[in-house]
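S.K.: Residue numbers (my numbering): 30 to 386. The beta carbon of each residue, even a glycine, is placed where N, CA and C say it ideally should be. None of the values given here were measured: they were computed from a predicted structure. Here's a structure for you.
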Ligand code: NAP
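Right, dumping it as structure tokens:
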């Protein structure tokens, strides 16, 4: 990074969108500079540490190329003998599972490094997109100027905000059924989903494939979800709605993790406990856009707008957005990585049209 030189592309964010953008931009000889975020307690509490939401999950079973099960066996079967990595034959160095979120993110980060991306472990806290080159300010590394910028800061799941919720994150408390639902601790066990929107009913329906019963706890007596999804969920014999109730405490212990939740009636204030090995919070997400200071157009929920269909251009020419920061609909690692790739190609073509190669 240099305060004199102008970077061709700065990428802000270090989830799958950011690394896919970095890999593609680096391979296009744009030498991208990636601000991967700062490792601070404030970011930990907010859920915005480097490597994004995947770094907060355990096993990832739906990212193509990493089937669950020992990778050694997969690689031994999938690759010809003369193309197998050395550790396929080395028991000690081979993990006994598919791939975890943190591993996947480290692999993506390393791939970006190998391709030539430069990385700064710092948060961008301020931007000036009103004139070119664009200016970005970080906490510890001053300002940097860039011809093009890719915003890939993602979104963070909203949690209820209970201290006990924090205690059991990754040990029963999750905000992603698709990521975590099939884990052994949730199989054939009672689970709780909190929320009343499409995400909550979708998560409850998804979890019903694994759970013995799913309690759908909603603070009102009416769902916000679309009618068709509501109908499907309420007709599911494994889903039991718990109306007019809020989760006020997560219960558990060191050895078992989460064992249940305490709920409070929003009607008469009475308390009761529900036994469960999982609490899935589905009360919406918040895109990480504060540092943009309102300089990019967003939709009514605060997600960065992509004004041109199938392109990652933002409302400001030369600024691109990738991944969950612009997507409140799919929110998957693979879709984020795909739009990261698109954003690098869009940035490369835009820079080329400006005569910057
Ligand atoms: P949402 O529609 O904003 O619903 C959030 C739910 O969480 C609401 O029911 C809300 O209760 C509840 N809630 C909010 N804060 C709470 C708190 N502190 N404690 C307890 N409950 C709380 O969010 P979403 O379900 O994530 O959906 C987001 C968007 O994605 C929507 O537009 C949705 O249609 C879309 N989506 C679509 C699909 C699909 O079509 N397959 C799937 C998922 C999401 P109240 O109802 O009382 O406000």
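According to DSSP, residue 157 sits in a beta bridge with which residue or residues?
M.R.: BP columns for residue 157 point to 164.
S.K.: May I ask whether a heavy atom of the ligand NAP can be found less than 7 Å away from the beta carbon of residue 278?
M.R.: No, since every heavy atom of the ligand NAP falls outside the 7 Å radius drawn around the Cβ of residue 278.
S.K.: Does DSSP put residue 150 in a helix, a strand or coil?
M.R.: Correct three-state label for residue 150: coil.
S.K.: Assuming residue 314 and residue 184 make a contact with CB atoms under 8 Å, what is their CB distance in whole Å?
M.R.: Yes, residue 314 and residue 184 are in contact; Cβ-Cβ is about 4 Å, under 8 Å.
S.K.: Does the ligand NAP have a heavy atom nearer than 7 Å to the CB of residue 357?
M.R.: Yes.
S.K.: Can you have a look at residue 424 and say buried or exposed, based on whether 16 or more other CB atoms are within 10 angstroms of its CB?
M.R.: Shown here, the chain extends from 30 to 386; a query on residue 424 therefore has no answer.
S.K.: Out of 68, 355 and 39, which one is the CA nearest neighbour of residue 179?
M.R.: Residue 179 has its Cα closest to that of 39, out of 68, 355 and 39.
S.K.: Between which two residues does the alpha helix (DSSP H) containing residue 130 stretch?
M.R.: Counting along the chain, the alpha helix (DSSP H) containing residue 130 begins and ends at 130–144.
S.K.: For residue 304, I'd like the list of residues in its chain whose CB is within less than 8 Å of its CB, leaving aside the five on either flank, ordered along the chain.
M.R.: So the qualifying residues of the chain are 219, 288 and 289.
S.K.: At which residues does the beta strand (DSSP E) containing residue 364 begin and terminate?
M.R.: First-last for residue 364: 362–382, but that is the alpha helix (DSSP H), not the beta strand (DSSP E).
S.K.: Would you kindly work out how many angstroms separate the C-alpha atoms of residue 249 and residue 272, rounded to a whole number?
M.R.: C-alpha separation (whole angstroms): 6 Å.
S.K.: Can you tell me whether residue 136 is buried or exposed? The criterion is at least 16 other CB atoms within 10 Å of its CB, across all chains shown.
M.R.: Its Cβ having fewer than 16 others within 10 Å, residue 136 is exposed.
S.K.: Between residue 31 and residue 46, what straight-line distance do the alpha-carbon atoms span, to the nearest angstrom?
M.R.: Because residue 31 carries a pLDDT of 40, less than 50, the predicted location of this residue cannot be relied on, and no value is offered for it.
S.K.: How would you label residue 61, buried or exposed, when you count the other beta carbons within 10 angstroms and need 16 or more for buried?
M.R.: Classification of residue 61: buried, given that the 10 Å Cβ count is 16 or more.
S.K.: Taking the straight line between their C-alpha atoms, what separation do you get for residue 209 and residue 186?
M.R.: About 14 Å.
S.K.: Apart from the five residues on each side of it in sequence, which residues of its chain come closer than 7 Å, Cβ to Cβ, to residue 78?
M.R.: 66, 68, 72 and 84.
S.K.: Decide if the stretch 216–230 is in contact with the stretch 246–263; the criterion is three or more beta carbon pairs, one per stretch, under 8 Å apart.
M.R.: At 8 Å Cβ cutoff, the stretches touch.
S.K.: Whole angstroms are fine: how far does the CA of residue 298 sit from the CA of residue 49?
M.R.: Each residue's Cα considered, the two are about 49 Å apart.
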